[in-house]
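In the working numbering, the protein residues as written are 4 to 315. To keep things clear, I will list the structure first and then write my remarks on it.
Have a look at this one:
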């Protein structure tokens with residue numbers, strides 16, 4: 004148990020790399036590099052798509068340090084309110100006057116704000132991640148196209164990445180068959196899927212990220228596992244050594260819960276499993292952690308993973 008309640012494992016405010024995040028990251032970097040106007044990242048619920056946006060934003064800024072990136076959480080609107088839509092976009096972009104003025108003023112304010120953010124940084128592109136994009140309607144896409152067109156007149160490319168559930172593909176098909184192919188052409192030409200963990204190999208990649216890519220406090224060189232298992236870490240123990248037994252424990256817990264085969268482990272629940280292992284089974288003085296199969300299975304059951312898989 005950590006006494007540091009600000010630790011990312013305690014606050015659950017962190018992102019770790021997975022095989023899927025790396026795959027999607029490479030695709031998004033290519034889309035942005037080619038100034039593609041848009042693309043779809045789709046996957047089941049709770050696979051970590053929203054968290055992955057933080058990783059993808061950081062990956063983009065490694066290539067383009069001054070790139071302006073907007074994380075836009077899409078809402079379920081009772082009515083198609085252009086005013087509310089532009090207010091939400093302004094707020095997501097960080098504008099202080101997001102709720103002031105009429106529709107025309109909000110639209111112009113958003114366009115000018117985005118153009119200024121790009122051009123003042125010496126950039127000619129902006130990326131918007133539309134989170135839960137399955138909530139957007141054809142009208143919302145029309146409004147986004149207006150912004151794209153206005154920015155293009157200022158020589159700024161707006162790249163909109165739609166992040167959401169698989170029914171985004173159904174919408175893509177519907178738009179293709181109707182007279183709204185321009186929506187597909189602008190936002191949905193490129194498609195990539197996003198999954199949770201599907202093998203012991205995926206688990207190992209994720210646990211290696213905990214071992215090698217996490218750090219708290221910043222600049223300390225202390226990974227999350229090192230914080231919870233300091234003596235064992237010093238002796239060479241690593242969290243990734245649990246990858247095979249943990250995958251086996253997940254499979255056994257699933258079978259005991261009436262699930263014949265685990266096709267995919269959502270990242271939301273996998274992170275809870277790891278948090279349980281670190282918080283509950285991390286004796287600071289132990290040089291050789293004795294994390295048994297029963298302990299791993301207990302961490303799996305406490306995470307809520309099996310209950311979640313039972314409803315899929």
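We treat Cβ as the ideally placed atom computed from N, Cα and C, and that holds for glycine. The model shown is predicted, which means the values in this text are computed figures rather than measured ones.
Legend entry - Rounded Cβ spacing between residue 205 and residue 21 (contact assumed at less than 8 Å): By one-based count along the chain shown, residue 205 stands at place 202. By one-based count along the chain shown, residue 21 stands at place 18. Indeed they touch by this definition, with Cβ atoms about 7 Å apart.
Legend entry - C-alpha gap between residue 29 and residue 60, whole angstroms: Locating residue 29 in the chain shown gives position 26, counting from the first residue. Locating residue 60 in the chain shown gives position 57, counting from the first residue. Computed Cα separation, rounded: 12 Å.
Legend entry - Supposed close pair residue 256, residue 290 - CB separation, criterion 8 Å: Here residue 256 is taken as the residue at index 253 of the chain shown, counted from 1. Here residue 290 is taken as the residue at index 287 of the chain shown, counted from 1. Between residue 290 and residue 256 the Cβ distance is about 28 Å, and since that is not below 8 Å, they are no contact.
Legend entry - Helix, strand or coil at residue 193 according to DSSP, with G and I counted as helix: Taking the first residue of the chain shown as 1, we reach residue 193 at position 190. Correct three-state label for residue 193: strand.
Legend entry - Secondary structure of residue 118, DSSP reduced to three states: The residue given as residue 118 occupies position 115 in the chain shown. Helix at residue 118.
Inset, instruction - Per DSSP, which residues does residue 73 bridge with? Please list them. - result: Within the chain shown, numbered from 1, the residue matching residue 73 stands at position 70. Answer is 131, bridged to residue 73.
Legend entry - residue 179 (DSSP reduced to helix, strand or coil): Mapped onto the chain shown, residue 179 falls at position 176. Correct three-state label for residue 179: helix.
Inset, instruction - Give the DSSP-derived three-state secondary structure of residue 294 in the structure shown. - result: By 1-based counting over the chain shown, the position of residue 294 is 291. Of the three classes helix, strand and coil, the one that applies to residue 294 here is coil, per DSSP.
Inset, instruction - Output the distance between the C-alpha atoms of residue 246 and residue 64, rounded to the nearest integer angstrom. - result: Against the chain shown, residue 246 aligns to sequence position 243. Against the chain shown, residue 64 aligns to sequence position 61. Straight-line Cα distance between these residues: approximately 31 Å.
Inset, instruction - Compute the Euclidean distance between the alpha carbons of residue 281 and residue 13, then round it to the nearest angstrom. - result: The sequence position of residue 281 within the chain shown is 278, counting from 1. The sequence position of residue 13 within the chain shown is 10, counting from 1. If I take the Cα positions, the gap works out to 10 Å.
Inset, instruction - Look at the alpha carbon of residue 328 and the alpha carbon of residue 125, and state the distance between them as a whole number of angstroms. - result: For residue 328 there is no data in the structure shown, the boundaries of the chain being 4 and 315.
Inset, instruction - Please report how far the alpha carbon of residue 283 lies from the alpha carbon of residue 295, in whole angstroms. - result: Here residue 283 refers to the residue found at position 280 of the chain shown. Here residue 295 refers to the residue found at position 292 of the chain shown. If you take the alpha carbons of residue 283 and residue 295, they lie about 13 Å apart.
Inset, instruction - Output the distance between the C-alpha atoms of residue 164 and residue 178, rounded to the nearest integer angstrom. - result: The count along the chain shown starts at 1 and reaches residue 164 at position 161. The count along the chain shown starts at 1 and reaches residue 178 at position 175. Their Cα atoms are separated by approximately 17 Å.
Legend entry - Whether residue 117 touches residue 70 by CB criterion (8 Å): As a first step, residue 117 must be located in the chain shown, where it is residue number 114. As a first step, residue 70 must be located in the chain shown, where it is residue number 67. Result no, Cβ atoms of residue 117 and residue 70 do not sit closer than 8 Å.
Inset, instruction - Please determine, among 112, 145, 123 and 270, the residue with the shortest C-alpha to C-alpha distance to residue 187. - result: One-based indexing of the chain shown puts residue 187 at position 184. Taking only the C-alpha atoms, the option nearest residue 187 is 145.
Legend entry - DSSP bridge partner residues for residue 161 (one or two, in chain order): By one-based count along the chain shown, residue 161 stands at place 158. Beta-bridge pairing links residue 161 to 129.
Inset, instruction - Could you tell me the distance, in whole angstroms, from the CA atom of residue 130 to the CA atom of residue 207? - result: Position 127 of the chain shown, counted from the start, is the residue given in the question as residue 130. Position 204 of the chain shown, counted from the start, is the residue given in the question as residue 207. Computed Cα separation, rounded: 31 Å.
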